[in-house]
Amino acid sequence: MKAIYNNGEVMTLPAEEETHVIRHTAAHIMAQAILRLHPQAKFAYGPATERGFYYDVDLDGEKLSDEDLAAIQAEMVKITKENLPIKTYELPRADAIKLMEDRGEVYKVEHIGDLDEDARITFYQQGDYIDMCVGPHLTYTKALKAFKITGQSGAYWKNDSENKMLTRINGVAFHNGEELKAWEVEQEEAKARDHRKIGREMQLFMTDDLVGRGLPMFLPKGYTLWQILENYIKEKERRLGYLHVMTPCVGTVDLYRTSGHWEHYKDNMFPPMQVEDEEYVLRPMNCPHHMRIYANHPRSYRNLPLRIGEIAHDFRYEASGTLKGIERARHFCQNDAHLFVTPDQIKSEIAAVCDLIFDAYKDFDITDFRCILSLRDPADKKKYHNDDEMWDHAENALREVLNELKINYTEEIGEAAFYGPKLDVNVKPAVGAEYTLSTCQLDFCLPAKFELTYVDQDGTEKTPVVIHRAILGSLDRFMAYLIEETKGRFPAWLAPVQAKVLPVSEKYMEYASECCETLLDAGFRAELDERNEKIGYKIREAQQVERVPYMLIIGQKETEARNVTYRDRDTGESTTCSMEEFMQLLRK
RNA sequence: GCUGCUGUGGCUCAGUCGGUAGAGCGUCACAUUGGUAAUGUGGAGGUCACCAGUUCGAUUCUGGUCAGCAGCUCCA
0 MKAIYNNGEV MTLPAEEETH VIRHTAAHIM AQAILRLHPQ AKFAYGPATE RGFYYDVDLD
60 GEKLSDEDLA AIQAEMVKIT KENLPIKTYE LPRADAIKLM EDRGEVYKVE HIGDLDEDAR
120 ITFYQQGDYI DMCVGPHLTY TKALKAFKIT GQSGAYWKND SENKMLTRIN GVAFHNGEEL
180 KAWEVEQEEA KARDHRKIGR EMQLFMTDDL VGRGLPMFLP KGYTLWQILE NYIKEKERRL
240 GYLHVMTPCV GTVDLYRTSG HWEHYKDNMF PPMQVEDEEY VLRPMNCPHH MRIYANHPRS
300 YRNLPLRIGE IAHDFRYEAS GTLKGIERAR HFCQNDAHLF VTPDQIKSEI AAVCDLIFDA
360 YKDFDITDFR CILSLRDPAD KKKYHNDDEM WDHAENALRE VLNELKINYT EEIGEAAFYG
420 PKLDVNVKPA VGAEYTLSTC QLDFCLPAKF ELTYVDQDGT EKTPVVIHRA ILGSLDRFMA
480 YLIEETKGRF PAWLAPVQAK VLPVSEKYME YASECCETLL DAGFRAELDE RNEKIGYKIR
540 EAQQVERVPY MLIIGQKETE ARNVTYRDRD TGESTTCSME EFMQLLRK
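Numbering-wise, the first sequence is residues 0 to 587 according to numbering that gives the first Met the number 0.
What follows is the structure, given as structure tokens:
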């Protein structure tokens, strides 16, 4: 595939850049289509993105309907069919400004003002449409073969909410129609595994307007799964020397003033409530409570590391537009812990946390994730605790440990917590943007703010270092991820119902009931389908709707032989064996 | 929170160019006692999200509120 670069050369594109150039060219062609249909349009930025492209455009107050978007799409098709050549040229700064001014492109003019004095300013043109751009682009409009406008949203000029809101029109573009089709199929599949949909189908959780927005409630099946996760991680932590505590969901505003959270996050907390002479807030996180537990009595270096863990209920006043099922809610439960350590224990404790994260991922069969070393933005003195020396020390320490552990990671600036750098482990859900599942944060800041100390070997008082960490992150979000990864077809150890007993007819209800009781007595999660329905019907529902890993078919043969026939959800195969053998299978 | 779209029985969706609604699934009853992905018949179930306005009359039009969805922003 050929492209034209901004020095005017036409060259074959490297394969890894093809998609990007296709998408960027799609943005230009869309802009041309918009300009034809909406001549008042002024263009801001129009880049290619990970999946497609967008263009931010100022329509002078005009609102676009779905029909308008369809018309823009149709006009784009027309432009590709016209097969306009795409040309490029460079202009001196003054001429560039004049050209953009003449065309009323105020945002482009402002953009030129932001460029270095000696920057080259190049333009790309197809037909009567001219865009300031560094390219490269496809050489003819016809080379754009497969694209689709996917929607619109608001976006601020230069991403700053002080600036004017523009209309962002989003699209996707691919090499060919097959790829576009594949993308559409993928979208449909993603929708089918959305945890909100499956959660409703499987009766895992619900929301209710009267209870409130962003406050999901776990139903019996969902809470069963939730408890399995809770017990799983608490048992792992117990074996690693964690001590679990339970602390209240409210705290005084002063508690959060001390930690600094009030200053940084009060807008994202539920507003304070006045009780007698004190102000309380619903807690958004648990660090301060755990800090105060540490401070409960004097500590010696012999007590460290001290690992305080809690499955903690938290409340955050998340903006309404960001709420998403149990993935992001206003109430959630963190698998939180704070490790109070001496400086020379940092390395081994972080290593143990990383081991625990990857160990857990193995158990849940999570393989598609990426690690990020989240650092401060040194220029942003407001967002981050202002102590460069502390930050340099903490960032270097964490980086060093990750390198020693040979963990693959990328560094991201401006992603740290206000009190310290962190290792984040991110995953991509079926629907929507990537999010953090696990985190491990190194904190030299809060222990000092809370004036925590321990008596060291030499008898002097020193400040401990704190490692904040969450393995399953929030249990709620982790469950959302599991639902989408498994499409609700949980492995037997996680399934809310492990075995559903299905009598072939009511004649065999007694033995079926006995089988169910045997399973329940042995501690398994079993249910009996007592309804007067045919076996095929019961199987269909147990398999397709409830997604139960094993169905026990109980009829005349089983009743007479006093054994069971189980049907495997994933293979569809039936096997007859003794109840003891079946339970052995469930224990695996 | 911002921009856009959406809101009809538990679920998925028709429909009403303004004259108070329909299907399938589910649910309930009865019949059927059936061996691996939907047995048959019948019944119940809706203030068409909520509140105003326009109108003789609003589920339908207008405004507001609430909620959901997509994206933006945010995520200690």
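We put the CB at the ideal spot given by N, CA and C, even for glycine.
Contact check, residue i vs residue j, beta carbons under 8 angstroms
i      : j      : result
MET75  : ILE28  : yes
LEU36  : ALA2   : no
ILE310 : LEU474 : yes
ASP569 : ARG468 : no
THR140 : LEU68  : no
ASP57  : LYS220 : no
VAL544 : ASP193 : no
TYR106 : GLN31  : no
GLN456 : TYR300 : yes
LEU501 : ALA541 : yes
SER258 : LEU445 : yes
GLU109 : LYS41  : no
ALA25  : PHE52  : yes
HIS337 : CYS248 : no
GLU278 : THR251 : yes
PHE146 : VAL184 : no
GLY240 : ASN334 : no
ILE168 : TYR54  : yes
Spatial neighbours of residue i in its chain, beta-carbon cut-off 7 angstroms, leaving aside the 5 residues before and after
i      : result
TYR480 : VAL426, PRO428 and LEU436
ALA416 : GLN440
TYR4   : MET10, GLY134 and PRO135
HIS7   : Residue 7 is actually Gly in this sequence, not His. Excluding sequence neighbours, GLY7 sits near THR87.
VAL340 : LEU303, PRO304, GLU348, PRO463, VAL464 and ILE466
VAL352 : CYS439, ILE466 and ARG468
ASP59  : GLN39
GLU394 : LEU374 and PRO420
THR558 : TYR507 and TYR510
VAL20  : ALA2, LEU12, PRO135, HIS136 and LEU137
Close Cβ partners of residue i (< 8 angstroms) along its chain, the five nearest in sequence each way excluded
i      : result
LEU242 : LEU305, ARG306, ILE307 and GLY308
GLU460 : THR452, TYR453 and VAL454
ILE111 : ARG92, ALA95, ILE96, MET99, ILE120 and MET131
THR409 : ARG369, CYS370, ILE371 and LEU372
GLU17  : MET0 and HIS174
6 angstroms Cβ shell around residue i - same chain, five flanking residues per side excluded
i      : result
PHE269 : LEU281, PHE314 and TYR316
ASP591 : Residue 591 is absent from the structure shown; the chain starts at 0 and stops at 587.
LYS144 : ASN175
GLN202 : LEU218 and LYS220
ILE482 : HIS194 and ILE197
ASP414 : In the sequence under discussion, the amino acid at residue 414 is Glu, which differs from the Asp named in the question. If we look at GLU414 and ignore the five residues flanking it on each side, its Cβ neighbours are SER373.
THR246 : HIS288
Beta-ladder partner(s) of residue i, from DSSP
i      : result
HIS260 : BP columns for HIS260 are empty, so no partner.
MET550 : LYS499 and ARG566
GLY250 : VAL280
HIS337 : ILE307 and HIS467
LYS323 : ARG327
GLU49  : In DSSP, GLU49 forms no bridge with anything.
THR166 : VAL56 and GLY153
ILE3   : VAL9 and HIS136
MET205 : MET216
HIS312 : CYS332
THR574 : TYR565
SER473 : GLN333
PHE363 : Partner(s): none; PHE363 has no beta bridge.
GLU526 : LYS499
SER347 : According to DSSP, SER347 bridges with nothing at all.
Give the list of continuous alpha helix (DSSP H) stretches no shorter than 4 residues that lie fully inside the segment 80-157. 92-101 and 105-113
Minimum length 3: unbroken beta strand (DSSP E) runs contained in the segment 6-38: Secondary structure remark: continuous beta strand (DSSP E) runs of at least 3 residues inside the segment 6-38, in chain order: 9-11.
Are the segment 359-373 and the segment 451-458 in contact at 8 angstroms, needing three or more beta carbon pairs? no
Between the segment 545-560 and the segment 481-499, do at least 3 Cβ pairs fall closer than 8 angstroms? The answer is yes - the segment 481-499 touches the segment 545-560, with three or more Cβ pairs under 8 angstroms.
Runs of alpha helix (DSSP H) wholly within the segment 370-428 (minimum 4 residues, chain order): 387-403
Across the segment 85-103 and the segment 46-54, are there enough close Cβ pairs to call them in contact, namely three or more that are closer than 8 angstroms? no
Which full runs of the alpha helix (DSSP H) of 4+ residues lie inside the segment 427-464, going along the chain? If only complete runs of 4 or more residues are kept, the segment 427-464 shows the alpha helix (DSSP H) at 445-448, in order along the chain.
Kindly confirm or deny that the segment 319-334 and the segment 204-222 touch, where touching means at least three C-beta pairs closer than 8 angstroms. yes
Along the chain, which unbroken stretches of the beta strand (DSSP E) at least 3 residues long are found entirely within the segment 209-255? 249-251
Are there three or more Cβ pairs, one per stretch, closer than 8 angstroms when the segment 379-392 is compared with the segment 218-233? no
Counting Cβ pairs closer than 8 angstroms, one from the segment 279-297 and one from the segment 142-161, do we hit at least three? Taking 8 angstroms as the limit for Cβ pairs, the verdict is that the segment 142-161 does not touch the segment 279-297.
Would you be able to state if there are at least three C-beta pairs under 8 angstroms between the segment 517-528 and the segment 578-585? With the cut-off at 8 angstroms, the segment 578-585 and the segment 517-528 touch.
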